[in-house]
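Protein chains: 6
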Amino acid sequence: MHAAPISCLSDVEIAHLIHEDVPYFDLTTTILGIGAQPGRITFATRHDTVICGTEEAARVLEQCGARMDHLIASGTFLPPREVFLEATGTAHALHRAWKVAVNLLEYTSGIATRTHAMVVAARQANSAAAVVTTRKMFPGTRALAIKAVQSGGALPHRLGLSETVLVFAQHCAFTAGLTGLVQHLATARQTCREKRVGVEVETIEDALLVAQAGADHIQFDKLPAAELAAAVTAVRQVAPHIVLAAAGGITLDTVATYAATGVDLLVTTAPYFGKPADIGATMIAL
Amino acid sequence: MHAAPISCLSDVEIAHLIHEDVPYFDLTTTILGIGAQPGRITFATRHDTVICGTEEAARVLEQCGARMDHLIASGTFLPPREVFLEATGTAHALHRAWKVAVNLLEYTSGIATRTHAMVVAARQANSAAAVVTTRKMFPGTRALAIKAVQSGGALPHRLGLSETVLVFAQHCAFTAGLTGLVQHLATARQTCREKRVGVEVETIEDALLVAQAGADHIQFDKLPAAELAAAVTAVRQVAPHIVLAAAGGITLDTVATYAATGVDLLVTTAPYFGKPADIGATMIAL
Amino acid sequence: MHAAPISCLSDVEIAHLIHEDVPYFDLTTTILGIGAQPGRITFATRHDTVICGTEEAARVLEQCGARMDHLIASGTFLPPREVFLEATGTAHALHRAWKVAVNLLEYTSGIATRTHAMVVAARQANSAAAVVTTRKMFPGTRALAIKAVQSGGALPHRLGLSETVLVFAQHCAFTAGLTGLVQHLATARQTCREKRVGVEVETIEDALLVAQAGADHIQFDKLPAAELAAAVTAVRQVAPHIVLAAAGGITLDTVATYAATGVDLLVTTAPYFGKPADIGATMIAL
Amino acid sequence: MHAAPISCLSDVEIAHLIHEDVPYFDLTTTILGIGAQPGRITFATRHDTVICGTEEAARVLEQCGARMDHLIASGTFLPPREVFLEATGTAHALHRAWKVAVNLLEYTSGIATRTHAMVVAARQANSAAAVVTTRKMFPGTRALAIKAVQSGGALPHRLGLSETVLVFAQHCAFTAGLTGLVQHLATARQTCREKRVGVEVETIEDALLVAQAGADHIQFDKLPAAELAAAVTAVRQVAPHIVLAAAGGITLDTVATYAATGVDLLVTTAPYFGKPADIGATMIAL
Amino acid sequence: MHAAPISCLSDVEIAHLIHEDVPYFDLTTTILGIGAQPGRITFATRHDTVICGTEEAARVLEQCGARMDHLIASGTFLPPREVFLEATGTAHALHRAWKVAVNLLEYTSGIATRTHAMVVAARQANSAAAVVTTRKMFPGTRALAIKAVQSGGALPHRLGLSETVLVFAQHCAFTAGLTGLVQHLATARQTCREKRVGVEVETIEDALLVAQAGADHIQFDKLPAAELAAAVTAVRQVAPHIVLAAAGGITLDTVATYAATGVDLLVTTAPYFGKPADIGATMIAL
Amino acid sequence: MHAAPISCLSDVEIAHLIHEDVPYFDLTTTILGIGAQPGRITFATRHDTVICGTEEAARVLEQCGARMDHLIASGTFLPPREVFLEATGTAHALHRAWKVAVNLLEYTSGIATRTHAMVVAARQANSAAAVVTTRKMFPGTRALAIKAVQSGGALPHRLGLSETVLVFAQHCAFTAGLTGLVQHLATARQTCREKRVGVEVETIEDALLVAQAGADHIQFDKLPAAELAAAVTAVRQVAPHIVLAAAGGITLDTVATYAATGVDLLVTTAPYFGKPADIGATMIAL
């Protein structure tokens, strides 16, 4: 289920990242007068890593004038000290690309590795529960974050607001609360037959209310795992085909417990932040 | 030293963030038929926070069709449950803007709050040492990250490669090592008189070598604090005017110890990652 | 269910449309020396029209330097000779904006009006069947086309490939045909619990096959209406909760007949092409 | 006179079209787990077609990761069932590109084919009359529409407002009508010696007035063909070198009749709308 | 004939210019801690100037957070020490905008002032000859350069290659020379009835050749003025309605002499380069 | 110290330059019917030139469909009549690229050649003084201008406001003048340890004042050379390690005189304007 080995960033986006870091040239390389010398750059893991961002880092290197010699596809699990990307070029090309490439690799591999760990933990507790990630990635990093999630073995939950129906308390502020919403649900489902109509709730009572009103999908927000298990059983009795999701506080520490409640989906933001993967980059003159 | 209260993202960048999350419309609001109702959205802290991103969130709300009623400038320290941003508009406008705005606020306020904590800790240990942040922010988020760092009371270290001179081992791969570099240093300083010529080193010996060769600035990479204190003393004896920086492993836990070594600069990546600030958003119908 | 009255094109996209038509200035106005004179431009319908694009045309006029005096929101049904947009400005401003604005109004109102006619026709035949439009709009016009569809009272079917599951024969080329697909279906539904898994078929036999294999949604491609009615009955017997759609050849002429077959969705491309609405623009000097 | 076989859309514009349809990945291909399989996509005509958009569709396929095997240049006339584009790649690559490519081909080939039919019809009636197309293409599609027009054997009339002089009634609103304009004409021609100064009129009387005042070019708007023939004769008597154009209502049905009036130019919008060409795309696994 | 007082650069282009100069903030203002203080910036001429770029400079100031207090429109002639632009804002806003605004004003006013001088000189020698400027402005500055030319009282010659017909020796390389071209000319004029077909020549003989072949427009490249006067007379005898232009070496020093030859058009690149206008900017605290 | 031989403009920026000049196609080539013929374009110097822009011109040619045959890197000194760029392609490709490529070459080579002349002149007078160029290039041309400066053997002075500290009179408007500034200087240096804190002054007295207050760098604005020589001596006595720069009026004529004063830096705008280099382009059919 890994992304195909092409860059998820367009050439313009790659050029923008390079320009942000090197608007004109590497001044240090320039004043040392070493820019024209040929060299090789090698990237290697420093710990167990689900590697990600290699296709994007490769485009960075190529746009800077280097030539790719070796690349392992995003989504591959690697032990420490494994070389997964290598390129040759002038010192000018390599120094221009270096930090931009490392940064891409470290942040996306961090997300992929954390996602993978959660997928493994969830699967062990309940092989039918899927880990899906929220839209709460760092603003402006959606394409990279989604690729990293896929590389880690999960799928994104919602891509945006235009394609899915999920009713929050913030919508119910305009429907006279959940009671008012319940009266809208049948119409809403009719208007939008192709989609599952989902509702986020915070209590078992609300879950039963919307399940009986015909919701196709319920998302439980921050329900403690024990309560959630009870809720899953209760709701499934009145609506056997409903899709149930747990959200809020789903982390590597809690994901197995929540998976064991029997929900279908574990909705999490946790992989998006945390320490970037540690990746080593070395250069040699040729 | 806070940024002026204008958005660090251009209108195009704001439009891009909205479009990423809401390419066309909020389907949920649309099928519930509530889009035209007027309402108010209110953002409040949930813990001690150096707030950031309010100017950008305001532009998000305005571009979505809402009108700002209240805004506290980025860089302000706030206790929990403080309302710092308020806007009114149709349910369509508020729902389109909601999550994009929250995301901007949570990530940047997280960075600002962590930066602030490190600045305070460093200052207590050594009032002359400045915390400065690296270029290793999430790819594509440089403007937001730098604004957040300033909001937290620090400055960025280098903005990019074109404007400062900092020699890394990766440059020395092309100068026949540090020994070769030492022979280049005088010329390099002459070529580029306006800039301080800096060199990153990993040992006291290397530091003394480049200090004697005339470097204006030395950055120590991952030197244990005790060794660093010795190095600072030794180097200052041969080069009293040199600027000394510590980098690698500078976090909230270690920053005071490193500040106490007497370095001028504490170079850190730590504020960029970690949990986003927790911010509450509520809507009411008007 | 109409779009909120804000432009579906960003200010950059509006500027691009103006620049395409008026890269520098209106040469005719310039050499006549009339540019500085004040005037008013008035846009009116010439036939029954579901008006669309007024919010975008207003932004065109404003970016060219005119001031809006009157605007009727997209999605409003208007008889002939109804003034729905009016602005004042210099002859330079009005001439710069004129044709760009008319073009936006005529193409989008044409789509909105045709969509509306199909929605009315379908509803009369079967009030439970929804008209939804395909992704086959003119390349590069998605935002305008989707707004026009909403203005006409319908919703878009799929926004793109990343958010919905719809298996075509072109996917089955890689699954050893429909038979092979049937073996994948259970896994696919498990992997992607939140989405309805849909399959496009061309015969009743294939429809029954995938319905029995657990598809949540079947799209019939170019099935004659009589056959389709039989298929709907047959499939509903084995899968009462399945969502059924008709696609291929759904036009204003055929939509009622297809609606009467009892399908849930009428998937159509027809509103996207056809003659633009005829809209009159007149200018007077003030 | 066909466009050279390179894409009229830049790589950024191609990337935008792909992103619009596939913001992240083809979910269907992903959950079926077929993405890595190699395959071939083949595009063929279904009726007589002046093919267009092959160079752009090729760039779509290449940006998605496929390799072109066969391409017939835009502007070629093809009978039904002719294969004109073929590419190989993974199922991921082919499914990402498929609909974007088909859409480009169908809309532009539709325009090219309709343009060609009008060019042929006009030429048979009057070999000296040229078909030229207006600026009233779908907003945002100018480059594609102009390429399609050229592929069909015609030229665009005006590219925009900055490069040609054509006085409309909407300009005369600021010159005290046509009478006032007549007094400006000599100055206007002097100011802008390189360009032909044109005026749009609706009656023979107005045509004679502006011809006598020195207009280089007259465009007749919606004059019935019989009246137009008389006007052409009358105007040529007073201004033998003048360029005469017919506009308004010039379609495939009327173009021959209008060509026979003896005008130099037949200005039409008709090719821009109408049914897209029908093009078949098939995939096979390799 | 001056441009209307709106910016010829879009908001995105303005934002780009600011970002180029101030990617994040004015470091000097920041470390002096003066950013929040209110102030006023005043721009004034230092010599006779046809002022240009005020509308663009105003947008720079506004985007940086300042408020405009006074603005004189582009195209106005001003004596020395005339204040033509004034704005108020924080020191942050004013310092961010300062140099970007000055640069826009100085380069465009330089072009406008030089254009104006050439227009005046030409007009005194021959009131019927028009100064028009080439496409050879600094790459990427076309919109500003064309606005400056109009502000100086002239018009641009050709905006680009898609809208005018001008045959150069470089085209004749593919027509078997000028002799071959002559055989194409009748067809070319027929294909493109609306446009004047122009040819650039270097000798009287070639001019007569193409005039007799029916060219509508001849451009003489680098012909000495005396020869040109003879050529104008000779060509007008065989083609009284032809448009004649002089190009190559037309500067402020030579323009009157060339105008006196009787040509219609004086095609020049000279205004584009030369010293920018000298403009003073002063700030005061409020 | 020349830039590496890759384009300093991204592919999008190259595409923009082409589109500006050839929005759709070369009309002349099109109506002559010569577009498909193969040919070669050759660019050669016409005088002593430090060539620049060849990498960018090559990308223009390639994007237009031509193939590069020969290229001499930017920064090479060439005598007259030296061929430095050659490409083959159809007449369509060559004509589309021609003027855009020439324009890039002429403007950037002009800057490079003028820069080079100033570097040589300065070096002869004082081998320790470096020529550096200001930010006052034509708005929007920074990347090209900086590349040209480097090709001519110099470096840019400041890239923008965010990375260097240089106090102008316009900052002192907010510090109660230079006297007030002097009180801020120690703090400013402490806040920003890595940078040299610079101040621009107009008199020897002010220079001594800020030197004694600890400025790291002084820029003398428009001081006559004789006074400057005295100032250099005086300031160096109180601050031996200070960096001294001369700005204002530094041109090819004055640079040697100013270099002889003993300053470290000669800050100049002069290379940015002046006549573009004269470059010949010839085409032949193949």
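Residue numbers (the working numbering), protein chains in the order written: chain V, 758 to 1043; chain L, 758 to 1043; chain Y, 758 to 1043; chain X, 758 to 1043; chain U, 758 to 1043; chain H, 758 to 1043. Every residue gets a Cβ at the ideal spot worked out from N, C-alpha and C, and that includes glycine.
Given a cut-off of 7 Å, decide if H:A879 and H:L1023 are closer than it, judged by their beta-carbon atoms. yes
To be precise: take each residue of the segment 951-966 of chain V, compare its Cβ to all Cβ atoms of chain H, and keep it if any distance is under 9 Å. Which residues remain? none
What's the gap between the Cα of Y:A815 and the Cα of Y:V958? The alpha-carbon atoms of Y:A815 and Y:V958 are separated by roughly 44 Å.
For the alpha helix (DSSP H) containing X:G867, list its first residue and its last residue. 848-882
Pairwise C-alpha distance: V:P780 and U:D778: 11 Å
What span of residues does the alpha helix (DSSP H) with V:A1002 cover, start to end? Taken as a continuous stretch (DSSP letters only), V:A1002 belongs to no alpha helix (DSSP H), being part of the beta strand (DSSP E) at 1000-1004.
Count the other C-beta atoms from every protein chain shown that fall within 10 angstroms of the C-beta of U:D1035, then say buried if there are 16 or more, exposed otherwise. exposed
Note down the Cα distance separating H:I798 from H:T1039, rounded to an integer number of angstroms. C-alpha separation (whole angstroms): 6 Å.
I want to verify the contact list: residues of chain L whose CB lies under 9 Å from the CB of U:V769, in sequence order. S767, D768, V769
Taking Cβ-Cβ distances shorter than 8 Å, what residues in chain L pair up with U:A772? S767, D768, V769
According to the neighbour-count rule (16 or more other Cβ atoms, all chains shown, within 10 Å of its Cβ), is Y:D963 buried or exposed? buried
Enumerate in chain order the residues of its own chain whose CB-to-CB distance from L:I771 is below 8 Å, with the five nearest sequence positions on each side excluded. S764, E813, R816, V817, Q820
Taking CB distances under 7 Å as the criterion, tell me whether Y:S919 reaches chain V. yes
Checking contacts by CB at 7 Å: is V:G796 closer than that to chain H? By this cut-off, V:G796 is not an interface position.
For L:V840 and L:T865, I'd like the C-alpha separation in whole angstroms. 17 Å
Separation of V:V1020 from V:A885, as counted between CA atoms: 9 Å
How long is the line joining the alpha carbons of Y:A848 and Y:A793, rounded to whole angstroms? Rounded to the nearest angstrom, the two C-alpha atoms are 6 Å apart.
For H:D805, name the three-state secondary structure that DSSP assigns. Coil.
Ends of the alpha helix (DSSP H) at H:L1023? Per DSSP, H:L1023 lies in no alpha helix (DSSP H); the unbroken beta strand (DSSP E) holding it starts and ends at 1022-1025.
Nearest to V:A854 by alpha carbon, out of V:E984, V:V989, V:D783, V:A933? V:D783
CB contact check: V:D1035 to chain Y, cutoff 7 Å: no
At the level of alpha carbons, what is the spacing between Y:T786 and X:H974? C-alpha separation (whole angstroms): 17 Å.
Give the DSSP bridge partners of L:E957, in chain order. L:Q976
Where do the ends of the alpha helix (DSSP H) carrying L:V995 lie? 982-995
Would you please verify whether the beta carbon of L:T979 is less than 7 Å from any beta carbon of chain V? Inspection of the sequence shows that residue 979 of chain L is occupied by Lys rather than by Thr. No - not a single Cβ of chain V is within 7 Å of the one on L:K979.
Cβ of Y:A1003 within 7 Å of Cβ of Y:L985? yes
If you measure beta-carbon to beta-carbon, which residues of the segment 879-913 of chain Y are closer than 9 Å to chain L? R899, A900, I903, K904, Q907, L912, P913
Among L:A830, L:R803, L:K893, which has the Cα closest to the Cα of L:R1061? Nothing about residue 1061 of chain L can be reported from this structure: the residues present for chain L run from 758 to 1043 only.
Range of the contiguous alpha helix (DSSP H) that encloses Y:V779: Looking at the DSSP string, Y:V779 is not in any alpha helix (DSSP H), and its letter there is neither H nor E.
Closest Cβ-Cβ distance between V:D1021 and chain Y: below 7 Å? Interface residue, yes.
Y:T1026 classed as buried or exposed, judged by whether at least 16 other C-beta atoms fall within 10 angstroms: With 16 or more other Cβ atoms inside 10 Å of its own Cβ, Y:T1026 counts as buried.
U:V954 and U:A968: beta carbons closer than 7 Å? no
Please list, in chain order, the residues of the segment 922-941 of chain L that have any C-beta partner in chain H closer than 7 Å. If the cut-off is 7 Å between Cβ atoms, the segment 922-941 of chain L has nothing near chain H.
So is U:M875 in contact with chain H if we call contact Cβ pairs under 7 Å? no
Only counting the same chain, and skipping five residues up and downstream in sequence, which positions put a Cβ closer than 6 Å to that of L:M825? A815, A844
Would you mind giving the Cβ-Cβ distance between L:I903 and L:P1028, rounded to the nearest angstrom? I have them listed as a contact below 8 Å. Actually they are not in contact, since the Cβ atoms of L:I903 and L:P1028 sit about 11 Å apart, beyond 8 Å.
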